[in-house]
Amino acid sequence: MVKHRNWVREEVWAALVLYLKTEFGRIHKGNPEIIALSQKIYRTPSSVALKMSNLAALDQTLDRKYQHDESFVEILKESKSKNDQNRNQHLIPMEQRGIWSTKN
1 MVKHRNWVRE EVWAALVLYL KTEFGRIHKG NPEIIALSQK IYRTPSSVAL
51 KMSNLAALDQ TLDRKYQHDE SFVEILKESK SKNDQNRNQH LIPMEQRGIW
101 STKN
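Numbering (the UniProt record's numbering), first residue to last: 1 to 104.
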């Protein structure tokens, strides 16, 4: 069994950069760009896709992009509420250090 390894900042940044240039519907383990990134950072394509999905849950603009799909918006809202605690623990301290801005 492979030992669990926490994501380091550089890996998260790489996933974020890829997330920002990837259509939401193309975030999956079969995407060639996700596969390429996973090989570079020694992660599975599934774990990179999951990290990108977690980033999407924090994307305040995503629900506006897909507002025509009511079921997607409801799923996104539910996911965002589950991630509030995670966001407060990680993104707010990053914002205080000047690394990330949670403000529009």
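The beta carbon of each residue, even a glycine, is placed where N, CA and C say it ideally should be.
Cα-Cα separation, residue i to residue j
{"i": "Leu55", "j": "Ala14", "result": "12 angstroms"}
{"i": "Gln60", "j": "Leu50", "result": "18 angstroms"}
{"i": "Asn6", "j": "Leu16", "result": "16 angstroms"}
{"i": "Val12", "j": "Thr22", "result": "15 angstroms"}
{"i": "Leu58", "j": "Phe24", "result": "13 angstroms"}
Residues near residue i by beta carbon distance below 8 angstroms, same chain, minus five either side
{"i": "Pro45", "result": "Lys29, Gly30, Asn31, Ile34, Ile35 and Ser38"}
{"i": "Leu18", "result": "Glu33, Ile34, Leu37, Val48 and Met52"}
{"i": "Ile27", "result": "Tyr19, Ile34, Ala49, Met52, Ser53 and Ala56"}
Contacts around residue i, its chain only, beta-carbon distance under 6 angstroms, and the 5 residues preceding and following it disregarded
{"i": "Val8", "result": "none"}
Closest by C-alpha distance to residue i, when choosing among the options
{"i": "His4", "options": "Val17, Gly25, Tyr42 and Tyr19", "result": "Tyr42"}
{"i": "Glu10", "options": "Arg26, Lys40, Ile27 and Phe24", "result": "Lys40"}
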